[in-house]
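Take 1 as the starting number for the sequence shown in the numbering used here and just add one per residue.
Working notes for the structure below.
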Amino acid sequence: MIAIENCRTAALGGHIERCGDCGHQRIAYDSCRNRNCPKCQGLARAQWLADRQAELLEVPYFHVVFTMPAAIEAIAFQNQTVVYDILFRAASETLRTIAADPQHLGAEISFLGVLHTWGQNLLQNPQT
(Lines of atoms letter the chains of each structure in order from A and count residues from 1; the text may use other names and numbers.)
(Lines give C-alpha, C1' and ligand atoms only; values in the text may rest on other atoms or scores of the structure.)
Protein backbone atom coordinates (compact mmCIF):
# COMPACT_ATOMS: atom_id res chain seq x y z
CA MET A 1 0.00 0.00 0.00
CA ILE A 2 2.90 2.36 0.71
CA ALA A 3 4.19 2.00 -2.86
CA ILE A 4 0.73 2.80 -4.26
CA GLU A 5 0.35 5.80 -1.93
CA ASN A 6 3.74 7.11 -3.07
CA CYS A 7 3.08 6.45 -6.76
CA ARG A 8 4.10 9.35 -8.98
CA THR A 9 5.35 11.43 -6.08
CA ALA A 10 8.81 12.62 -5.15
CA ALA A 11 9.07 9.73 -2.68
CA LEU A 12 9.74 7.32 -5.58
CA GLY A 13 12.07 9.68 -7.42
CA GLY A 14 11.62 11.20 -10.82
CA HIS A 15 13.24 12.80 -13.82
CA ILE A 16 12.99 15.96 -15.88
CA GLU A 17 11.17 15.85 -19.20
CA ARG A 18 12.18 18.48 -21.75
CA CYS A 19 10.37 19.41 -24.98
CA GLY A 20 12.77 19.23 -27.91
CA ASP A 21 10.96 22.02 -29.75
CA CYS A 22 10.28 24.74 -27.15
CA GLY A 23 12.57 23.62 -24.32
CA HIS A 24 9.75 23.54 -21.75
CA GLN A 25 10.68 21.38 -18.76
CA ARG A 26 8.62 19.54 -16.18
CA ILE A 27 9.28 17.04 -13.43
CA ALA A 28 7.84 13.57 -14.05
CA TYR A 29 7.69 11.40 -10.95
CA ASP A 30 8.28 7.65 -11.19
CA SER A 31 5.47 5.15 -10.83
CA CYS A 32 5.32 2.28 -8.38
CA ARG A 33 4.52 -0.30 -11.11
CA ASN A 34 2.45 -2.25 -8.62
CA ARG A 35 -0.04 -4.50 -10.42
CA ASN A 36 -2.81 -3.29 -8.10
CA CYS A 37 -2.13 0.42 -8.59
CA PRO A 38 -4.96 2.16 -10.45
CA LYS A 39 -2.59 4.87 -11.73
CA CYS A 40 -0.02 2.44 -13.13
CA GLN A 41 -1.97 -0.60 -14.19
CA GLY A 42 -5.58 0.54 -14.39
CA LEU A 43 -5.67 1.01 -18.17
CA ALA A 44 -3.62 -2.12 -18.90
CA ARG A 45 -5.85 -4.15 -16.54
CA ALA A 46 -9.03 -2.86 -18.16
CA GLN A 47 -7.70 -3.66 -21.64
CA TRP A 48 -6.62 -7.15 -20.56
CA LEU A 49 -10.08 -7.82 -19.09
CA ALA A 50 -11.81 -6.55 -22.24
CA ASP A 51 -9.61 -8.80 -24.39
CA ARG A 52 -10.39 -11.85 -22.23
CA GLN A 53 -14.12 -11.10 -22.19
CA ALA A 54 -14.12 -10.93 -25.99
CA GLU A 55 -12.78 -14.51 -26.02
CA LEU A 56 -15.58 -15.95 -23.88
CA LEU A 57 -18.21 -18.20 -25.37
CA GLU A 58 -21.84 -17.28 -24.77
CA VAL A 59 -22.36 -20.08 -22.24
CA PRO A 60 -22.54 -20.09 -18.44
CA TYR A 61 -19.19 -20.32 -16.66
CA PHE A 62 -18.49 -21.47 -13.12
CA HIS A 63 -15.31 -21.08 -11.10
CA VAL A 64 -14.73 -24.01 -8.76
CA VAL A 65 -11.75 -24.34 -6.41
CA PHE A 66 -10.59 -27.61 -4.84
CA THR A 67 -8.18 -27.04 -1.96
CA MET A 68 -6.02 -29.80 -0.58
CA PRO A 69 -6.26 -30.34 3.20
CA ALA A 70 -3.33 -28.84 5.08
CA ALA A 71 -2.38 -32.27 6.47
CA ILE A 72 -1.59 -33.47 2.94
CA GLU A 73 0.49 -30.46 1.84
CA ALA A 74 3.80 -31.86 3.17
CA ILE A 75 3.16 -35.19 1.44
CA ALA A 76 2.27 -33.35 -1.78
CA PHE A 77 5.47 -31.33 -1.66
CA GLN A 78 7.56 -34.52 -1.49
CA ASN A 79 5.43 -36.56 -3.96
CA GLN A 80 4.12 -33.96 -6.37
CA THR A 81 3.42 -36.17 -9.40
CA VAL A 82 1.46 -38.78 -7.47
CA VAL A 83 -0.48 -36.43 -5.20
CA TYR A 84 -1.33 -33.86 -7.88
CA ASP A 85 -2.48 -36.66 -10.19
CA ILE A 86 -4.83 -37.85 -7.44
CA LEU A 87 -6.04 -34.28 -6.88
CA PHE A 88 -6.82 -33.74 -10.57
CA ARG A 89 -8.53 -37.12 -10.87
CA ALA A 90 -10.66 -36.44 -7.78
CA ALA A 91 -11.60 -32.96 -9.02
CA SER A 92 -12.44 -34.30 -12.49
CA GLU A 93 -14.57 -37.16 -11.18
CA THR A 94 -16.38 -34.87 -8.75
CA LEU A 95 -17.23 -32.29 -11.42
CA ARG A 96 -18.36 -34.91 -13.94
CA THR A 97 -20.47 -36.81 -11.38
CA ILE A 98 -22.27 -33.73 -10.07
CA ALA A 99 -22.82 -32.30 -13.57
CA ALA A 100 -24.24 -35.61 -14.87
CA ASP A 101 -26.79 -35.78 -12.05
CA PRO A 102 -30.23 -34.77 -13.43
CA GLN A 103 -30.91 -32.84 -10.21
CA HIS A 104 -28.01 -30.52 -11.14
CA LEU A 105 -27.20 -30.14 -14.84
CA GLY A 106 -27.87 -33.59 -16.21
CA ALA A 107 -25.12 -32.96 -18.73
CA GLU A 108 -21.66 -33.93 -19.83
CA ILE A 109 -19.36 -30.98 -19.15
CA SER A 110 -16.02 -29.64 -20.28
CA PHE A 111 -13.63 -27.96 -17.90
CA LEU A 112 -10.13 -26.63 -17.60
CA GLY A 113 -8.00 -27.48 -14.58
CA VAL A 114 -5.14 -25.30 -13.39
CA LEU A 115 -2.81 -26.15 -10.53
CA HIS A 116 -1.85 -23.28 -8.24
CA THR A 117 0.89 -24.43 -5.88
CA TRP A 118 1.57 -21.03 -4.28
CA GLY A 119 -0.92 -18.69 -2.62
CA GLN A 120 -0.90 -14.89 -2.85
CA ASN A 121 1.19 -14.82 0.31
CA LEU A 122 3.84 -16.89 -1.57
CA LEU A 123 3.37 -19.87 0.70
CA GLN A 124 2.78 -23.40 -0.55
CA ASN A 125 -0.96 -23.72 -1.20
CA PRO A 126 -1.95 -26.49 -3.65
CA GLN A 127 -5.32 -25.89 -5.34
CA THR A 128 -6.97 -26.83 -8.64
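All C-beta atoms in this analysis are idealised placements derived from N, C-alpha and C, irrespective of residue type, glycine included.
If you're wondering where the values come from, they're calculated on a predicted model, not measured in any experiment.
TODO: In the DSSP assignment, find the unbroken beta strand (DSSP E) run with R18 in it and report its ends.
DONE: Here the question's residue 18 lines up with position 18 in the sequence shown. Per DSSP, R18 belongs to the beta strand (DSSP E) from 14–18.
Open item on the list: For S110, tell me which candidate among Q80, F62, F66 has the shortest Cα-Cα distance.
Closed with: Position 110 of the sequence shown holds residue 110. For the residues Q80, F62, F66, the minimum Cα distance to S110 belongs to F62.
Task: I2 and C37 closer than 7 Å at C-beta - done: Residue 2 sits at position 2 when you count from the first residue of the sequence shown. Residue 37 sits at position 37 when you count from the first residue of the sequence shown. Not a contact, by the Cβ cut-off of 7 Å.
Task: Cβ contact check for the region 14–26 and the region 48–56: 3 or more pairs under 8 Å - done: By the Cβ criterion, the region 14–26 is not in contact with the region 48–56, since fewer than three pairs of Cβ atoms, one from each stretch, lie closer than 8 Å.
- [ ] Could you check which residue in W48, A74, L49, A90 has the C-alpha nearest to that of F66?
- [x] In the sequence shown, the residue the question calls residue 66 occupies position 66. For the residues W48, A74, L49, A90, the minimum Cα distance to F66 belongs to A90.
- [ ] Give the single residue among N6, I86, V59 whose Cα lies nearest to the Cα of M68.
- [x] Here residue 68 refers to the residue found at position 68 of the sequence shown. In terms of CA proximity to M68, I86 leads the group N6, I86, V59.
Open item on the list: Under 8 Å: do the region 70–79 and the region 91–100 share three or more Cβ pairs, one atom per stretch?
Closed with: Pairwise C-beta distances place the region 70–79 out of contact with the region 91–100, as fewer than three of them are shorter than 8 Å.
TODO: Measure how close the beta-carbons of L115 and Y84 come, nearest whole angstrom, since I'm counting them as under 8 Å.
DONE: Numbered from its first residue, the sequence shown carries residue 115 at position 115. Numbered from its first residue, the sequence shown carries residue 84 at position 84. Contact check for L115 and Y84: beta-carbon distance about 6 Å, within the 8 Å limit, so the pair qualifies.
TODO: State the Cα-Cα distance for the pair V64 and L43, rounded to the nearest angstrom.
DONE: As a position in the sequence shown, residue 64 is number 64, starting the count at 1. As a position in the sequence shown, residue 43 is number 43, starting the count at 1. Note on geometry: alpha-carbon atoms of V64 and L43 lie some 28 Å from one another.
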